[in-house]
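Notes for the one structure printed next.
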Amino acid sequence: MCSSVVVMVIVSVALVFQSDVAQSINIKPLTTLSRKPVTYRVGNIDGWDKSHSLGVWPNDKTFYVGDKLFFQYDYLEHNVYMVNEKGYNSCKINKGSRLWTSGNDVITLGKKGWHYFICDYPGNCENGMKIKVNVL
């Protein structure tokens, strides 16, 4: 008969081995595998607009790779730039920034980490028309 200590050691070794094997062959957790990508309308009903505080919009959401952001706005008054953190903080377009201008833009969050979006029409970003989202 095995003692409880031996059983605990065997189970611990099995869990460590299973975890290492799963990582080495890049198996994703079940929660990621079973979840379908979600499309989020930026700004909810108001859309991508300077009339409300967009900065808090992402706070109650969890974003994953493959999710999409739907930016709906008046293309004569706004646009969407994906910038880096420095561009986000300074409200300046920087090298490598991407631009969308249709007024109905869907942007796929293709990698983990922080993603930054601003409008560069005069005064818009400075008045809060920007968001940052952390993708898991």
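Numbering (mature numbering (1 follows the signal peptide of the UniProt record, and there is no 0)), first residue to last: -24 to -1, 1 to 112. The beta-carbon is built from N, C-alpha and C at its ideal position, and this holds for glycine as well. All of these numbers come straight from a predicted model, not from anything done at the bench.
Asn65: buried (16+ other C-beta within 10 angstroms of its C-beta) or exposed? Counting Cβ neighbours within 10 Å, Asn65 comes out exposed, since fewer than 16 surround it.
Contacting residues, own chain, Cβ-Cβ under 7 Å from Leu62 (five flanking each side not counted): The sequence given here places Lys at residue 62; Leu does not occur at that position. Apart from sequence neighbours up to five positions away, the residues of its chain that approach Lys62 with a beta-carbon distance below 7 Å are Asn70, ordered along the chain.
Would you call Asp81 buried or exposed, if buried means 16 or more other Cβ atoms sit within 10 Å of its Cβ? Around the C-beta of Asp81, 16 or more other C-beta atoms lie within 10 Å, and the residue is accordingly described as buried.
For my contact list, Ile107 and Pro13 are in at a C-beta cut-off of 8 Å; report their separation, rounded to the angstrom. With a Cβ gap of about 18 Å, Ile107 and Pro13 do not count as contacting.
My output table needs one value for Ile69: the three-state DSSP class, helix, strand or coil. When secondary structure is reduced to three states using DSSP, Ile69 falls in the coil class, being assigned neither helix nor strand.
Residues near Cys101 in its chain [Cβ-Cβ closer than 7 Å; skip 5 each side]: Correct list, in chain order: Cys67, Ile94 and Cys95.
Could you tell me whether the Cβ of Pro98 comes closer than 9 Å to any Cβ of chain C? This model lacks chain C altogether, as it is built from one protein chain only.
Give the range of the beta strand (DSSP E) segment to which Arg74 is assigned. Residues Arg74 to Trp76.
Which residue comes first and which comes last in the beta strand (DSSP E) that contains Lys106? For Lys106, the uninterrupted beta strand (DSSP E) run begins and ends at Lys106 to Val111, by DSSP.
Cβ-based neighbour list, Val111, same chain, cut-off 8 Å, excluding 5 preceding and 5 following: Non-local C-beta neighbours of Val111 in its own chain, meaning closer than 8 Å and more than five positions away in sequence, comprise Phe39, Tyr40, Val41, Asp43, Leu85, Lys87, Lys88, Gly89, Trp90 and His91, ordered along the chain.
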